[in-house]
Amino acid sequence: MMLTLLVLPALIMFIVSFFKNKKAKFLLPVSSFAILLPIIKLFMLPKPYALIGSYLVADKLDTYILLVSSIVGIGVTLALLTLDKHVKVSANAYRRFYRFFAIFWVGLTVSILSNHMGVYWIGLELATLSTVYMIKTNHTRAAHKEAWNYMIVGAIAISLVLFGIILMYASAKPILGEDAMQFDLLLSHAKEIPSPFLFEMGFAIATVGMFVKMGFFPMNLWLANIERASFYPVAALFSGILESAVIIGFFRFSQIAMEVNYTHLFGFVFVYTLLTIFIVSFLIFRAKDFMRLFSLSGIEHMALIALFWVSGGTFAALLHFGAHAFLKPALFLSTGVLESNGKYRIAGALRGYKGKKGQLFWVLVSLFLLAIISLPPSPMFFSELYGFGAMIETAKHSDHMLAMIGAILLLLILLSVIFYRFVAIYQSMKYEGKEEEKKVYASELFALVIFALCLAALLLPSSLDYLRSIT
Amino acid sequence: MSVDFLIGLFLATLIVALFTSRLYRLILWYSLNSLMLGILALLIGQELDDRAMLITGAVTILIKSIGIPYLLKNLSHKFNFVRQIQPEIKVQYAIILIPAILVFTFYLAEPITHMIHGNANYVAISISSLFLSLLLMMEHRNVAPKIIGFLSMENALFLLGITATDGMPMLVELGIFFDLLMAIVVINLLFHGEEMHS
Chain A
1 MMLTLLVLPA LIMFIVSFFK NKKAKFLLPV SSFAILLPII KLFMLPKPYA LIGSYLVADK
61 LDTYILLVSS IVGIGVTLAL LTLDKHVKVS ANAYRRFYRF FAIFWVGLTV SILSNHMGVY
121 WIGLELATLS TVYMIKTNHT RAAHKEAWNY MIVGAIAISL VLFGIILMYA SAKPILGEDA
181 MQFDLLLSHA KEIPSPFLFE MGFAIATVGM FVKMGFFPMN LWLANIERAS FYPVAALFSG
241 ILESAVIIGF FRFSQIAMEV NYTHLFGFVF VYTLLTIFIV SFLIFRAKDF MRLFSLSGIE
301 HMALIALFWV SGGTFAALLH FGAHAFLKPA LFLSTGVLES NGKYRIAGAL RGYKGKKGQL
361 FWVLVSLFLL AIISLPPSPM FFSELYGFGA MIETAKHSDH MLAMIGAILL LLILLSVIFY
421 RFVAIYQSMK YEGKEEEKKV YASELFALVI FALCLAALLL PSSLDYLRSI T
Chain B
472 MSVDFLIGLF LATLIVALFT SRLYRLILWY SLNSLMLGIL ALLIGQELDD RAMLITGAVT
532 ILIKSIGIPY LLKNLSHKFN FVRQIQPEIK VQYAIILIPA ILVFTFYLAE PITHMIHGNA
592 NYVAISISSL FLSLLLMMEH RNVAPKIIGF LSMENALFLL GITATDGMPM LVELGIFFDL
652 LMAIVVINLL FHGEEMHS
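Quick look at the structure:
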């Protein structure tokens, strides 16, 4: 019953997307709003709650991620209402966007709620394939090329994930049989896995696949180029929702890998994420347009989330994840307004907004920009503090305290580079360039207000308590 | 013995595909590669008395060996694909590179093969097939051979699933087939877009 309710709005959206009636345009966002209702209901139910046997099970972690994703989905559909005011988009492409968004949502719900490695992969693959066409809704040569690019590199990444899953399954099958696909059983029997090396190899391969999908080393510019070429709501979906589905897989796999051999897991993820942040920080320093800037910053944040998670900072990772999931789509959606009067023009992008709507828009964008570089009271400021604390705590139990302090110092230097670049960009947006009058529409402003409220809600004591209770 | 022979043919069809410079030949080699995989699944399924693997074997033959090649040929007619597909890597280099990949993967998979009972060497072959499929994707500039590379990669993973785990759960196998069909739909839509741009 609950699963039907979760998937029903997406099915309605899918069917309505075939109607050529002009009024259907308004029914599509309404169905997107309807997604939130069953998720709120699910959020309130006692956990763990089995949706389909042991295949789909809602626990505190996946319900939180699903709730965040559904709010991002609402924000994106609100911004979609005025997409044609900023860019050229045909009615047909618009309906197709929704059709694939519905498939994307089903895939995403399945992968987030899955308690089964195979089902997780199927959901993720479905979500990945549906995004290919969303990139293509922008009828430009660059978008077309990037859609193919995404299809091919995405297929390689997702194949690596399946490859890893098969090896992990093979490692645990002798003790668990066909149930070796279930995350909860794997976690409870992790120490009994007869061939830990095989499991670790599978985990490493699957993790590389997931990291490639999130734009980590060596594919740092891959995702940025795709987001640049597609319409801005697609970039918002990528950073706010699709990456959530990928990172929850990483959370699940790494929970088991921690039990198998924590030192190997930590070393591998630590080096990989540090290398990614190192490269990304310099790419951010050279970024010349909003899309690439926000996309690269998204990679940096996902790397930090992975790092905090494996350091044992579950709370820090989840707080950082929530803040990232609201901030990045908000900034990507703002890009639609910021760039509509001249692409790639950073200087003066925050000038020329008149009236109450305009003023509220530039204030919100300024707050988001400053929040993304972790200026207090941004949730990212607190998550980074807790995250670095967790890293130090981990080092206390090893003989590598000096190395960890060195690594944190290096991270702080790299984060300062990013901080410097963002502040310089903000100053250029606000105080340089010509002042031209720009228009902000109510629906996109409403989306930004929702994201701002959600960010504030993240810092409420009850939200923080909820995040602390997730283990 | 027959399983060994079929695995050999599976690998051989993939290696020949790497040297092919005509699109229809490449589709044919992919079709044969899938056929070997399907028969392998049927044989191993019969040996293990695993009904799920028998079903997936039959579905593999129907979809991957007949359905997808037929669809790809149709798409090629419809959208006038370039049929002369010269690999970017020259034959003389490919002759050195492919055995090197095979030797490397056997060496790489050695620690794993000790942990898997039964068809241990087959795991190494599936890993090498995965690398060879990646090579197929890399060595062509045109989209069609890249798609076949992606489909061959799916075959390599399926082989790994059969050999390393004695078959994945039925639900997962069917889900993978569903995703594959979805991929074909998306590819079709992308080609429509390509036609619009040209």
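Read top to bottom, the protein sequences are chains A and B.
Note that the first sequence covers residues 1 to 471 in this note's numbering.
Note that the second sequence covers residues 472 to 669 in this note's numbering.
Using N, Cα and C, we set each Cβ at its ideal position, and we do this for glycine too.
Note that the structure is a prediction, hence the values are computed from the model and not measured.
field: Inter-residue spacing [alpha-carbon to alpha-carbon] between S502(B) and A50(A)
entry: For S502(B) and A50(A), the distance between alpha carbons rounds to 41 Å.
- request: Can you tell me which of the three DSSP states Y49(A) falls into?
  value: Three-state result, Y49(A): strand.
task: Decide yes or no for the touch test of the segment 344-357 of chain A against the segment 438-445 of chain A: beta carbon pairs closer than 8 Å, at least 3 of them.
output: Verdict: yes, contact present.
Under the three-state DSSP convention, the category V423(A) falls into: The three-state reading of DSSP puts V423(A) in helix, counting H, G and I together.
query: Helix, strand or coil for A58(A) per DSSP?
result: Note: A58(A) maps to strand in three-state DSSP.
message: Using 9 Å as the threshold, is the C-beta distance between L331(A) and S383(A) below it?
response: In this structure, L331(A) lies away from S383(A), with their beta-carbon atoms at least 9 Å apart.
- request: Would you please state the rounded distance, in angstroms, between the beta carbons of E339(A) and L78(A)? I believe it to be under 8 Å.
  value: Taking 8 Å as the upper bound for CB-CB distance, E339(A) and L78(A) are not in contact here, some 18 Å apart.
message: Is the beta carbon of R351(A) closer than 9 Å to that of M291(A)?
response: Judged by their CB atoms, M291(A) and R351(A) are not nearer to each other than the 9 Å cut-off.
- prompt: In whole angstroms, what separates the C-alpha of A142(A) from that of G336(A)?
  reply: For the pair A142(A) and G336(A), the Cα-to-Cα distance works out to about 18 Å.
query: When DSSP labels each residue in this structure, what does S378(A) get in the three-state scheme?
result: Here S378(A) sits in coil by DSSP.
- prompt: Hey, how far is the Cα of V110(A) from the Cα of G123(A)?
  reply: Annotation: V110(A) to G123(A) spans about 5 Å, alpha carbon to alpha carbon.
message: Measuring only the C-alpha atoms, how far is A58(A) from M258(A)?
response: About 22 Å.
- request: Could you spell out where the alpha helix (DSSP H) holding P640(B) opens and where it closes?
  value: Counted as a single uninterrupted DSSP element, the stretch harbouring P640(B) is not any alpha helix (DSSP H), since DSSP gives it neither H nor E.
query: So which residues of chain A does T671(B) contact, with C-beta pairs closer than 9 Å?
result: One cannot answer for residue 671(B) here, as it falls past the ends of chain B, which runs 472 to 669.
message: Is there a C-beta anywhere in chain A that falls below 9 Å from the one on K617(B)?
response: Residue-level contact check: K617(B) touches chain A, since one or more beta carbons of chain A fall below 9 Å from its beta carbon.
query: Does the distance from the CB of T634(B) to the CB of S597(B) come in under 9 Å?
result: For the 9 Å CB-CB criterion, T634(B) and S597(B) form a contact.
message: Rounding to the nearest angstrom, what Cα-Cα distance links F321(A) and H301(A) in this structure?
response: Taking the straight line joining both Cα atoms gives about 8 Å.
message: Among F33(A), K85(A), G215(A), whose alpha-carbon lies nearest the alpha-carbon of V76(A)?
response: Here the closest residue by C-alpha is F33(A).
message: Between T675(B) and chain A, is any beta-carbon pair separated by less than 9 Å?
response: For residue 675(B) there is no data in the structure shown, the boundaries of chain B being 472 and 669.
Burial state of T4(A) (16 or more Cβ within 10 Å): With a threshold of 16 other beta carbon atoms within 10 Å, T4(A) falls short and is exposed.
Straight-line Cα distance separating V656(B) from S230(A): Cα to Cα, the separation comes out at about 20 Å.
task: Return helix, strand or coil for S17(A), following the three-state DSSP convention.
output: Of the three classes helix, strand and coil, the one that applies to S17(A) here is coil, per DSSP.
query: Can L464(A) and L458(A) be called in contact, C-beta distance under 9 Å?
result: Against a cut-off of 9 Å, the Cβ pair of L458(A) and L464(A) comes out as a contact.
query: Should Y564(B) be labelled buried (16 or more other beta-carbon atoms within 10 Å of its own) or exposed?
result: Y564(B) sits exposed, since fewer than 16 C-beta atoms from the chains shown fall within 10 Å of its C-beta.
message: Strictly by DSSP, which residues pair up with R493(B)?
response: R493(B) pairs with Q555(B).
field: Alpha carbon of L652(B) to alpha carbon of K544(B), nearest angstrom
entry: Each residue's CA atom was taken as its position, placing L652(B) and K544(B) some 16 Å apart.
message: For V365(A), which residues in the same chain have their Cβ closer than 6 Å to its Cβ, ignoring the five residues on either side in sequence?
response: Counting only Cβ-Cβ distances below 6 Å, and skipping sequence neighbours, we find S334.
task: Could you name the residues of the segment 132-144 of chain A whose beta carbon sits closer than 8 Å to any beta carbon of chain B, in the order they occur along the chain?
output: Residues passing the 8 Å Cβ filter: V132, Y133, K136, H139, R141, H144.
message: I'd like the span of the alpha helix (DSSP H) that includes A287(A), first residue to last.
response: Element bounds for A287(A): n/a, residue is neither H nor E.
- prompt: What are the partner residues of S114(A), as DSSP defines its beta bridges?
  reply: The partner list for S114(A) (beta bridge, DSSP) reads L56(A).
DSSP beta-bridge partners of Q182(A): Q182(A) pairs with H116(A).
- request: Kindly indicate which three-state DSSP category K438(A) falls into: helix, strand or coil?
  value: In the structure shown, K438(A) sits in a strand (DSSP, three-state: E or B).
message: Would W121(A) and I165(A) qualify as a contact pair, given that the criterion is a beta-carbon distance under 9 Å?
response: In this structure, I165(A) lies closer than 9 Å to W121(A) by Cβ.
query: Which residue's Cα is closest to the Cα of E559(B): G479(B), M608(B), H585(B), T531(B)?
result: Measuring from the Cα of E559(B), the nearest candidate turns out to be M608(B).
query: Which one of V614(B), I510(B), S492(B), V530(B) has the shortest CA to CA distance from F476(B)?
result: Residue I510(B) is the option with its Cα nearest to F476(B).
- prompt: Do three or more CB pairs link the segment 208-216 of chain A to the segment 144-164 of chain A at distances below 8 Å?
  reply: With the rule of 3 Cβ pairs closer than 8 Å, the segment 208-216 of chain A counts as touching the segment 144-164 of chain A.
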